[in-house]
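Colleague: Take this structure first; my questions come after.
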Ligand code: ADP
């Protein structure tokens, strides 16, 4: 059966998932970790719970991909490379060029390269991944799937910042958003679960993981999203600050006597749930702690989520469904309940019994709730594989 591999090349990792298509069965998945370090590792899960892993150095992504392909045949997961007829690459930055997934050619690769300054850690790794797979599987259909493309059609009043307009024109200074593949996937699944066309629904999708973002999906289109020029903006995250007053950045940089890069690092890695609580970046640990600052971190997180949801309800003039996904959204009944209960006043009602669930597609609101509250596990890799199918 023809297979498609979804590839997510990060700065020092390469995650992959191999699907039989069109059945969408997962035949293998795994990760090459710590690429470029003295010692790395490779893990491949396949079959009925079988696993192969090895520790070795991977100087480049190419070396990781070579080992992956070698093991796929050696372990008889595939008979021949020609079975892999599609490769889908997750790409962080698509800028204004890409409003949908595209077949990769030289022009697309040039454009992806021109966007390196928008995602300096990720974009070079994506390019390496594209080139390495092209070399190994020259005949496979190679497709780029962008985190930003779902948001590329937002109205200009929502993607522009209130700064001199020429900075947008000259430097592309605007909101791009992120997690687009996840928001697109869960919005479609939510419509399926409700038995209505996506084009008839007003949905708010809440991707609440370590990185977290919220999107207003109005009649199938992302019209606003909480992440901004970069994924640092929006709601409070595990270690990212989310929205803050930009004046505070320079004020603190001077007080702390650190460089701009170090200040941005603090906002990315030492802030959010971790920074407020001083205990953990993990919602699980905060939920099981009695510490005041753990509770405060949760309260601030919920408060920011509620503010975005409220503003998106206002923007869309109503809402048919709240869709929770990713680590916190799929596992924390408390978060789903607290956020949804903030909208009791407009008839949104959680069913506590139904909400006592994790990790499965389901509606957790009462039958008479004015909007459905749903839990939809995200599946970005499957969305990527489906996008590749469109071009085969
Ligand atoms: P990433 O953005 O890294 O993909 P995930 O979507 O995997 O993140 O989400 C990870 C987060 O999910 C963890 O940091 C943790 O806060 C949260 N999480 C996972 N399981 C639970 C749980 N049982 N209860 C509450 N939060 C959870």
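Numbering (full-length UniProt numbering), first residue to last: 1 to 392. Just so it is clear, CB atoms sit at the ideal spot from N, CA and C, and this is done for glycine as well.
#1: May I have the straight-line CA-CA distance separating residue 50 from residue 40, to the nearest angstrom?
#2: Could you check what DSSP says for residue 122 in three-state terms: helix, strand or coil?
#3: Excluding the five sequence neighbours on either side, which residues of its own chain have a C-beta within less than 8 Å of the C-beta of residue 337, listed in chain order?
#4: Assuming residue 387 contacts residue 213 under a Cβ cut-off of 8 Å, what Cβ separation, rounded to an integer in Å, is found between them?
#5: Sort out for me which residues DSSP pairs residue 51 with in a bridge.
#6: Quick check: residue 93 and residue 148, are their CB atoms within less than 8 Å of each other?
#7: For residue 255, which three-state DSSP category applies?
#8: Residue 173 bridges to which residues according to DSSP?
#9: In the DSSP assignment, find the unbroken alpha helix (DSSP H) run with residue 205 in it and report its ends.
#10: Check whether the Cβ of residue 381 lies closer than 7 Å to any heavy atom of the ligand MN, and answer yes or no.
#11: Quickly, what does DSSP pair residue 40 with across the bridge? List them, please.
#12: Measure from the alpha carbon of residue 98 to the alpha carbon of each residue in 176, 190, 219, then state which is nearest.
#13: When the Cα atoms are used, what is the spatial distance from residue 29 to residue 211?
#14: So, for residue 334: in the same chain, excluding its five sequence neighbours on each side, which residues have a beta-carbon less than 7 Å away from its beta-carbon?
#15: Could you name the residues of the same chain whose beta carbon sits closer than 6 Å to that of residue 380, not counting the 5 residues immediately before and after it, in chain order?
#16: Residue 29 bridges to which residues according to DSSP?
#17: Tell me, please, which residues DSSP counts as bridged to residue 321.
#18: Is it buried or exposed, residue 231, if we count other Cβ atoms within 10 angstroms and call 16 or more buried?
#19: Would you say the beta carbon of residue 95 comes nearer than 7 Å to a heavy atom of the ligand ADP?
#20: CB-CB under 6 Å to residue 324, same chain, minus the five flanking residues each way: which ones, in chain order?
#21: Which word fits residue 385, buried or exposed, when buried means at least 16 other C-beta atoms lie within 10 angstroms of its C-beta?
#22: Just how far apart, CA to CA, sit residue 328 and residue 79?
#23: With DSSP as the reference, please indicate the residues paired to residue 215 in a beta bridge.
#24: Check whether the stretch 220-229 touches the stretch 309-319, taking contact to mean three or more Cβ pairs, one atom from each stretch, closer than 8 Å.
#25: Among 364, 36, 271, 265, which one has its Cα closest to the Cα of residue 14?
#26: Verify whether the separation of the beta carbon atoms of residue 68 and residue 32 is less than 8 Å.
#27: If we call anything under 8 Å between Cβ atoms a contact, is residue 220 one with residue 233?
Modeller: Concretely, from the data shown:
#1: 21 Å
#2: coil
#3: 350, 352, 355
#4: Actually they do not touch by this definition, with Cβ atoms about 20 Å apart.
#5: 45
#6: yes
#7: helix
#8: Answer is none; residue 173 lacks a bridge partner.
#9: Looking at the DSSP string, residue 205 is not in any alpha helix (DSSP H); the run it does join, the beta strand (DSSP E), is 202-208.
#10: Summarising the ligand content, the structure contains the ligand ADP and does not contain the ligand MN.
#11: 56
#12: 176
#13: 22 Å
#14: 287
#15: 181, 182
#16: 17, 45
#17: 203, 372
#18: buried
#19: no
#20: 206, 336, 375
#21: buried
#22: 39 Å
#23: 205, 225
#24: yes
#25: 36
#26: yes
#27: no
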